[in-house]
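J.: Following this message is one structure expressed as structure tokens.
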Amino acid sequence: MVREVLAGLEIRPDRLYVDGTIGEGGHAVAILSRITGVGELWGFDRDPMVLQTAAARLAPFTSHFRLFHRSYARVGEVLEEAGRGGAAGILLDLGLSSYSLQFSGRGFSFQRDEPLDMRFDPLSPGPTGAQLLNTLPQKEIERIFRDFGEEPRAPALARRVCELRRERPWRTTGQLVDLVLSVLGRRPGSRVHPATRVFQALRIAVNRELEELAKFLEGAPHWLEPEGRLVIISYHSLEDRLVKQRFLSWEKAGVMRRLTKKPLTPGVEEVRQNPRARSAKLRVAEKI
Ligand SMILES: C[S@@+](CC[C@H](N)C(=O)[O-])C[C@H]1O[C@@H](n2cnc3c(N)ncnc32)[C@H](O)[C@@H]1O
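This is the structure we're talking about:
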């Protein structure tokens, strides 16, 4: 949704922009191409591997970008450390990068047999996905599958996770795929793999993704200049609900104005080219 992101940020070439989830730098390249003079883009990511990819891709824009191995929830700290009052725009494109899904070796994909790690930041203390499945009470695992994966068979899946860990500890994605298939079976005709929801749920729990987003939303209006823009793309109903509710409460408090009353969604062509975009919802707000 690059066009919608650029329109939402309404780039002014000589200002500071923050990409809180720089990933492989796709949006960043588009933003940097519109930045000139003293304009800058600061990119954040929790994944050090992804930051290396972004650094290589953004190299031609040398003097205009800086990268930070930090959570987007800490944008305020970084602005303060640098003595900057606020940004002209902040972008969040939540979730997982295609790069990590395919190449991280950290178990984000059910299509490869890898260690069930799932941390965006492998340097963080954990816990990993496997550690959560090996240690959490059954009820908590059920809640994760139900709330973060919207998985109707969450109770049966959680029960089986706890039965199996008594025989052999959880270690790999392959074990989890086998479990899901043994409980849910294959869905004939469905293009979505039955393990999709469980993998998404566990990743959200490992990275405390909703907590990070809530922390970010607490501070974001303070990190923007007047008329600064906030653009958030979410892929999960719970994320979008947090964003929607915050945007509404800011508008009521006279802090930010909503520029999208209803979220923007990708067009048919974009979803055809990138099926992972199918659940994307983009919302924009402007600081008053
Ligand atoms: C969907 S990708 C972003 C893709 C990017 N917009 C692009 O065009 O290439 C999401 C990225 O956000 C990162 N991420 C997730 N949670 C984060 C957090 N709390 N702080 C910073 N980065 C985070 C992930 O590591 C991933 O690289």
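For the sequence shown, position 105 (counting from the first letter as 1) is numbered 89 according to the working numbering, and the numbering increases by one without interruption.
Backbone N, C-alpha and C fix where the C-beta goes; we use that ideal spot for every residue, glycine too.
From a predicted model like this one, the values you see are computed outputs, not experimental measurements.
Taking the beta strand (DSSP E) that W26 falls in, what are its first and last residues?
T.: Run containing W26: E24 to F28, per the beta strand (DSSP E) assignment.
J.: Just reading off the alpha helix (DSSP H) that P139 is part of, what are its end residues?
T.: From DSSP, the alpha helix (DSSP H) with P139 extends over A138 to E151.
J.: So, does the segment 142 to 155 touch the segment 209 to 223, judging by three or more C-beta pairs under 8 angstroms?
T.: Output reads no: the segment 209 to 223 does not touch the segment 142 to 155.
J.: Taking 6 angstroms as the limit between beta carbons, can you name the residues of its chain near V239, skipping five residues before and five after?
T.: P205.
J.: Please classify S263: does DSSP put it in a helix, a strand, or coil?
T.: Here S263 sits in helix by DSSP.
J.: Contact defined as beta carbons within less than 8 angstroms: I believe A138 pairs with E126. What is the distance between those atoms, to the nearest angstrom?
T.: Going by Cβ atoms, the distance from A138 to E126 rounds to 5 angstroms, so yes, they are a contact pair.
J.: Leaving aside the five residues before and after P210 along the sequence, list all residues of the same chain whose C-beta is less than 8 angstroms from its C-beta, in chain order.
T.: Excluding positions up to five away in sequence, the list reads K271 and I272.
J.: On the DSSP letters alone, give me the boundaries of the alpha helix (DSSP H) that A57 sits inside.
T.: Counting along the chain, A57 falls outside any alpha helix (DSSP H), and DSSP gives it neither H nor E.
J.: Just reading off the beta strand (DSSP E) that Y1 is part of, what are its end residues?
T.: Run containing Y1: L0 to D3, per the beta strand (DSSP E) assignment.
J.: Looking at the secondary structure, which residues open and close the alpha helix (DSSP H) in which S82 lies?
T.: Unbroken alpha helix (DSSP H) run through S82: S82 to F87.
J.: Kindly examine ligand 1 and report whether one of its heavy atoms sits closer than 7 angstroms to the Cβ of G60.
T.: Not so, every heavy atom of ligand 1 lies at least 7 angstroms from the Cβ.
J.: Going along the chain, which residues of its own chain have a beta-carbon closer than 7 angstroms to the beta-carbon of L16, five neighbours each way excluded?
T.: L25, L42, F45, H48 and F49, listed in sequence order.
J.: In this structure, how does DSSP classify S(-14) when only helix, strand and coil are distinguished?
T.: Reading off the sequence shown, one finds Val at residue -14, where the question assumed Ser. V(-14) falls in the helix class under three-state DSSP.
J.: Can you name, in chain order, every residue of its own chain whose Cβ lies under 8 angstroms from the Cβ of P178, other than the five neighbours on each side?
T.: So the list reads V164, L165, L168, G169, R170 and R171, once near-sequence residues are dropped.
J.: Give the C-beta separation of D97 and T157 to the nearest angstrom, bearing in mind that I take them to be a contact with Cβ-Cβ under 8 angstroms.
T.: Right, the Cβ-Cβ distance comes to about 6 angstroms (below 8 angstroms), so this counts as a contact.
J.: Tell me the DSSP secondary structure of G70 in three-state form.
T.: Reduced to three states, the DSSP call for G70 is coil.
J.: What separation, rounded to the nearest whole angstrom, lies between the Cα atoms of G73 and R(-4)?
T.: Going from the Cα of G73 to the Cα of R(-4) covers about 9 angstroms.
J.: Check whether the Cβ of Y56 sits closer than 7 angstroms to any heavy atom of ligand 1, and report yes or no.
T.: Y56: yes, Cβ under 7 angstroms from ligand 1.
J.: For D(-2), is the classification buried or exposed, using 16 other Cβ atoms within 10 angstroms of its Cβ as the cut-off for buried?
T.: Label assigned to D(-2): exposed.
J.: Please name the residue in L214, A142, W154 and M33 whose C-alpha comes closest to that of S81.
T.: Looking at the Cα atoms, M33 is the closest of the given residues.
J.: Does any heavy atom of ligand 1 sit closer than 7 angstroms to the C-beta of F28?
T.: Flag set: Cβ of F28 near ligand 1.
J.: Do Y1 and L(-7) count as a contact pair if the criterion is CB distance below 8 angstroms?
T.: Contact: yes.
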